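In what follows, a single structure is set out as structure tokens and then discussed.
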Amino acid sequence: MSQSTTMKTTGDTDQAKPSIGARLARHFQKYWQLWVLVAPTLGFVGLFAYVPMWGLQLAFRDFTPGAGLTGGKFVGLKYFHQYFTAPMFTETIINTVRVSLGTLVLGFIFPIILALLINQIGSKGVKGFVQTLTYMPHFISIVVVVSLINIFLSPDSGLIGRFIGDSSMLDNPNLFAPIYWISEVWQHCGWNAIIYLAALSSVDLSLYEAAKMDGAGRLQLIRYVDLPTIMPTCVILLIMNMGSVLSVGFEKVFLMQNTMNLPASEVISTYTYKLGLLGYQYSYGTAIGLFNTLVNFAFLLLANFIASRASETSIF
Amino acid sequence: MSNAYASVSTKAPEIPWNKHFRQKKGIADWVTDIVIWAIIALTCFVVIYPLWFVIIASVSDQAKVAAGDVTLIPLGLNFAGYKKVFANTSIWQGYWNTIVYSVLGTALNLAVTLPGAFALSRREFKPRRVMLFLLTFTMYFAGGMIPNYLLYKDLGLLDNMWVFILPGAVSVWNLIIARSFFETSIPEDLHDAAQIDGLSYIGYFFKIVLPLSSAIIAVIGLYYFVGHWNDYFTGLLYVTSAKKQPLQVVLQNILLANKANVFENARNAIENQHIAEQIKYGVIIVSTMPLLVIYPFLQKYFNKGVMIGAVKG
Numbered sequence: 000m001s002q003s004t005t006m007k008t009t010g011d012t013d014q015a016k017p018s019i020g021a022r023l024a025r026h027f028q029k030y031w032q033l034w035v036l037v038a039p040t041l042g043f044v045g046l047f048a049y050v051p052m053w054g055l056q057l058a059f060r061d062f063t064p065g066a067g068l069t070g071g072k073f074v075g076l077k078y079f080h081q082y083f084t085a086p087m088f089t090e091t092i093i094n095t096v097r098v099s100l101g102t103l104v105l106g107f108i109f110p111i112i113l114a115l116l117i118n119q120i121g122s123k124g125v126k127g128f129v130q131t132l133t134y135m136p137h138f139i140s141i142v143v144v145v146s147l148i149n150i151f152l153s154p155d156s157g158l159i160g161r162f163i164g165d166s167s168m169l170d171n172p173n174l175f176a177p178i179y180w181i182s183e184v185w186q187h188c189g190w191n192a193i194i195y196l197a198a199l200s201s202v203d204l205s206l207y208e209a210a211k212m213d214g215a216g217r218l219q220l221i222r223y224v225d226l227p228t229i230m231p232t233c234v235i236l237l238i239m240n241m242g243s244v245l246s247v248g249f250e251k252v253f254l255m256q257n258t259m260n261l262p263a264s265e266v267i268s269t270y271t272y273k274l275g276l277l278g279y280q281y282s283y284g285t286a287i288g289l290f291n292t293l294v295n296f297a298f299l300l301l302a303n304f305i306a307s308r309a310s311e312t313s314i315f
Numbered sequence: 000m001s002n003a004y005a006s007v008s009t010k011a012p013e014i015p016w017n018k019h020f021r022q023k024k025g026i027a028d029w030v031t032d033i034v035i036w037a038i039i040a041l042t043c044f045v046v047i048y049p050l051w052f053v054i055i056a057s058v059s060d061q062a063k064v065a066a067g068d069v070t071l072i073p074l075g076l077n078f079a080g081y082k083k084v085f086a087n088t089s090i091w092q093g094y095w096n097t098i099v100y101s102v103l104g105t106a107l108n109l110a111v112t113l114p115g116a117f118a119l120s121r122r123e124f125k126p127r128r129v130m131l132f133l134l135t136f137t138m139y140f141a142g143g144m145i146p147n148y149l150l151y152k153d154l155g156l157l158d159n160m161w162v163f164i165l166p167g168a169v170s171v172w173n174l175i176i177a178r179s180f181f182e183t184s185i186p187e188d189l190h191d192a193a194q195i196d197g198l199s200y201i202g203y204f205f206k207i208v209l210p211l212s213s214a215i216i217a218v219i220g221l222y223y224f225v226g227h228w229n230d231y232f233t234g235l236l237y238v239t240s241a242k243k244q245p246l247q248v249v250l251q252n253i254l255l256a257n258k259a260n261v262f263e264n265a266r267n268a269i270e271n272q273h274i275a276e277q278i279k280y281g282v283i284i285v286s287t288m289p290l291l292v293i294y295p296f297l298q299k300y301f302n303k304g305v306m307i308g309a310v311k312g
């Protein structure tokens, strides 16, 4: 009960603090309804997010069918060592980084350009129309997007593919990543521009007037008014996206994969799926997944650190 | 461009009182305008064309599609593909499954997310800080594919329709968006008034907060619904019975299927292949249309939803 006495000395209320039990009772009496409202959320997240985290110890243990989620005999870093020395290690890392880094860079630049362009449209109706149109691909499923890629790149009838050559462009390992990047930009560019358009709508109109008085043309307005306005948003989004350097959407890569492009398309998540789940190497798959998560988490912490430093220094 | 810039800047100081001055455009601005409109038009074309092509290809003569003659308008109208699509029971089964999973799933999503977000939006509710930290943490750190699989196995969710609905009951991202909405868009005065009227938290949430939240319900409801509708991963990983597979898995099977084997009615190989191609186009349209029809009606809410999410994210 020493806790309650320290609470008493630092407490800001005039009434003496009762014991922890009594305070808990009072808390629940006052807030039990909020606990009821939040309980399903906590329950679902606890079961479907934290129990699998508990299961991560399988990465350090041998899998035994009876033992279930937490595995059997402790084997230390055996499975991590197995991955680091596997021939596929470098290949999967390089492929993952190539696919995700290009997506990150192109997916960063194009929405900004699109937002700046859409912002130039004077008519509200046209603006809304262009926005509706460019959001559209965001709602299409990955299965359909990949089938569109196949249709357009097909060597005999595809509207792009037939000019390229006799084999499908998707079979070419060198083209796998660019096709992935471009299709990502196609699908999400309009949607990701929303945030910049929202930022642009907050530009002080008098800034435009002042710039025009100084003789600024359209391009100068974009360069010296619009771009600085969205710059903070750009920086934050870029840094936040850095946290996903080692993660790519499993579904899309998996659906775009074929035996021909495998040297460029085997990424960490598809490798985990094939070896871990299809190959029943549960411990090995868990270890690879954990390694991937840890690297991403490290990047995120680094990005957060840079972000907090940057926002401190960028305050005027 | 530098010429025109000079011409504007020399004119500007001479007639600052002229109210038409502001509308005046230099040559550079005209050129800029044309370039901007050209790029926007090109972007719209690039975005819309792939879908347009699938639409026209789905109703065209497949010999002409295969020859590459079909580019802008349908040629040789032919609805055989759609007839096959509508006659195919596995597509309907998948369609029905997806509707069931999407409707039940979204209903559960909203029933769990909205009350949770409301509770977490109450500033006087002290434990919310710890809860929010624990919830946000799961966005960046997760057990991964195999622990999830083993958990679902233990829970009996493998090859069970509830695997589409229960594990994704809460998306922390949507929860945070909804919480921010409750914090910023519902005036605190309402809560004070409700307390004076003797409303409990639950009464306040259902009678006052929810009726004022149609914008956020529409936005996160659509996010959740789209997520369920387009879900391919869950069916691929956790479900083995064909009867339980959602539309996306059925779609992928049809897209990948050996052309000769799927539809046995066609008379010869080429016609067989043409029909298979047309079925592909048709099934893409049939599976995608519902979302493309719904979302423009909800578009006015998007900017708000994305903005709230971005501010808090």
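Line order of the protein sequences matches chains A and B.
Just so we're aligned: the first sequence equals residues 0 to 315 in numbering that gives the first Met the number 0.
Just so we're aligned: the second sequence equals residues 0 to 312 in numbering that gives the first Met the number 0.
Just so it is clear, CB atoms sit at the ideal spot from N, CA and C, and this is done for glycine as well.
Note that the coordinates shown come from a computational prediction; the quantities given were computed from them, not determined experimentally.
Return the CA-CA distance between residue i and residue j, expressed in angstroms with no decimal places.
i, j, result
"M135 (chain A)", "L291 (chain B)", "7 Å"
"M255 (chain A)", "F59 (chain A)", "32 Å"
"A265 (chain B)", "R161 (chain A)", "Per-residue confidence for A265 (chain B) stands at a pLDDT of 47, beneath the threshold of 50, marking its modelled position as unreliable; no derived number is given."
"V294 (chain A)", "L103 (chain A)", "16 Å"
"A168 (chain B)", "V111 (chain B)", "7 Å"
"V98 (chain A)", "F83 (chain A)", "20 Å"
"I159 (chain A)", "F151 (chain A)", "6 Å"
"L55 (chain A)", "A192 (chain B)", "48 Å"
"A116 (chain B)", "I176 (chain B)", "8 Å"
"V143 (chain A)", "P231 (chain A)", "35 Å"
"H80 (chain A)", "F88 (chain A)", "10 Å"
"L250 (chain B)", "E265 (chain A)", "23 Å"
"F298 (chain A)", "W172 (chain B)", "20 Å"
"N260 (chain B)", "F128 (chain A)", "Low per-residue confidence applies at N260 (chain B): pLDDT is 49, beneath 50, and the placement is therefore not dependable, though the value from the model is reported in the following sentence. Roughly 43 Å separates the two Cα atoms."
"A66 (chain B)", "F52 (chain B)", "14 Å"
Run down chain A in chain order and give the residues with a C-beta less than 7 Å from the C-beta of residue i.
i, result
"P146 (chain B)", "P51, G54, L55, L57, L68 and T285"
"R128 (chain B)", "Those do not exist, as R128 (chain B) stays about 13 Å from chain A at its closest Cβ, beyond 7 Å."
What does residue i touch in chain B if you count any residue whose Cβ is under 8 Å from its own?
i, result
"V202 (chain A)", "Result: empty, since nearest Cβ-Cβ is about 15 Å, beyond 8 Å."
"G189 (chain A)", "V46"
"V44 (chain A)", "L133, L134, T137, V169 and V171"
"V294 (chain A)", "The premise fails here: V294 (chain A) is roughly 12 Å from chain B at the closest Cβ pair, so nothing lies under 8 Å."
"S156 (chain A)", "V64, A65, A66 and G67"
"L319 (chain A)", "For chain A, the structure presents residues 0 to 315; residue 319 (chain A) sits outside this window and is missing."
Can you pull the chain A neighbours of residue i, defined as C-beta to C-beta under 9 Å?
i, result
"N229 (chain B)", "F138, I139, S140, I141, V142 and V143"
"Y294 (chain B)", "T131, Y134, M135, H137 and F138"
"T287 (chain B)", "F138, I139, S140 and V143"
Measure from the alpha carbon of residue i to the alpha carbon of each residue in the options, then state which is nearest.
i, options, result
"M241 (chain A)", "A:D155, A:G101 and A:T69", "A:G101"
"G189 (chain A)", "B:F232, B:I39, B:L133 and B:V171", "B:I39"
"V84 (chain B)", "B:P289, B:Q277 and B:K299", "B:Q277"
"F43 (chain A)", "B:D28, B:K125 and B:L133", "B:L133"
"Y78 (chain A)", "A:F304, A:A286, A:I305 and A:Y49", "A:A286"
"V225 (chain B)", "B:I33, B:I98 and B:V58", "B:I98"
"T345 (chain A)", "A:F253, A:Q186 and A:S18", "Outside the shown range of chain A, which is 0 to 315, sits residue 345 (chain A), and nothing can be said about it."
"L33 (chain A)", "B:V102, B:T135 and B:I201", "B:I201"
"M130 (chain B)", "A:L196, A:D155 and A:Y49", "A:Y49"
"G317 (chain B)", "B:L174, B:D158 and B:N87", "What is shown of chain B runs 0 to 312, which leaves residue 317 (chain B) out entirely."
Just to confirm the assignment, what range does the alpha helix (DSSP H) spanning residue i have?
i, result
"A24 (chain A)", "I19 to V44"
"W185 (chain A)", "P172 to L199"
"V202 (chain A)", "That residue, V202 (chain A), is in no alpha helix (DSSP H); it is neither H nor E in DSSP."
"I93 (chain A)", "M87 to N118"
"N87 (chain B)", "Segment: none, N87 (chain B) is in no alpha helix (DSSP H) and carries neither H nor E."
"M239 (chain A)", "L226 to M241"
"R128 (chain B)", "R127 to Y139"
"V145 (chain A)", "I141 to L152"
"S57 (chain B)", "I26 to S57"
"D213 (chain A)", "No alpha helix (DSSP H) contains D213 (chain A), which DSSP labels as neither H nor E."
"I195 (chain B)", "E187 to I195"
"I267 (chain A)", "I267 to T271"
Considering only heavy atoms of the ligand NAP, does any lie closer than 7 Å to the CB of residue i?
i, result
"G54 (chain A)", "This structure simply doesn't include the ligand NAP, nor any ligand for that matter."
Strictly below 7 Å CB to CB, what residues from chain B border residue i?
i, result
"Q32 (chain A)", "S199, Y200 and I201"
Residues of chain A with CB under 8 Å from residue i, in chain order?
i, result
"Q298 (chain B)", "G127, Q130, T131 and Y134"
"Q277 (chain B)", "Per Cβ cutoff of 8 Å: no residues; Q277 (chain B) is ~12 Å from chain A at best."
"I38 (chain B)", "L116"
Worksheet item: Counting pairs of beta carbons, one from the region 158-173 of chain B and one from the region 232-252 of chain B, are three or more of them closer than 8 Å?
Response: yes
Discussion item. Whether or not the region 141-154 of chain B and the region 279-290 of chain A are in contact is what I'm after, with contact meaning three or more pairs of Cβ atoms, one per stretch, closer than 8 Å; do they touch?
Written reply: yes
Worksheet item: Is it true that the region 197-217 of chain B meets the region 84-94 of chain B, where meeting means three or more beta-carbon pairs spaced less than 8 Å apart?
Response: No, they do not touch.
Practice prompt. Say whether the region 214-233 of chain A touches the region 108-119 of chain A, bearing in mind that this needs 3 or more beta-carbon pairs closer than 8 Å, one atom from each stretch.
Written response: yes
Worksheet item: Okay, do the region 171-187 of chain A and the region 104-115 of chain A touch, 3+ Cβ pairs below 8 Å being the bar?
Response: In short, these stretches touch, since the Cβ pair count reaches three.
Worksheet item: Three or more C-beta pairs closer than 8 Å, one from the region 117-124 of chain B and one from the region 16-25 of chain A: is that the case here?
Response: no
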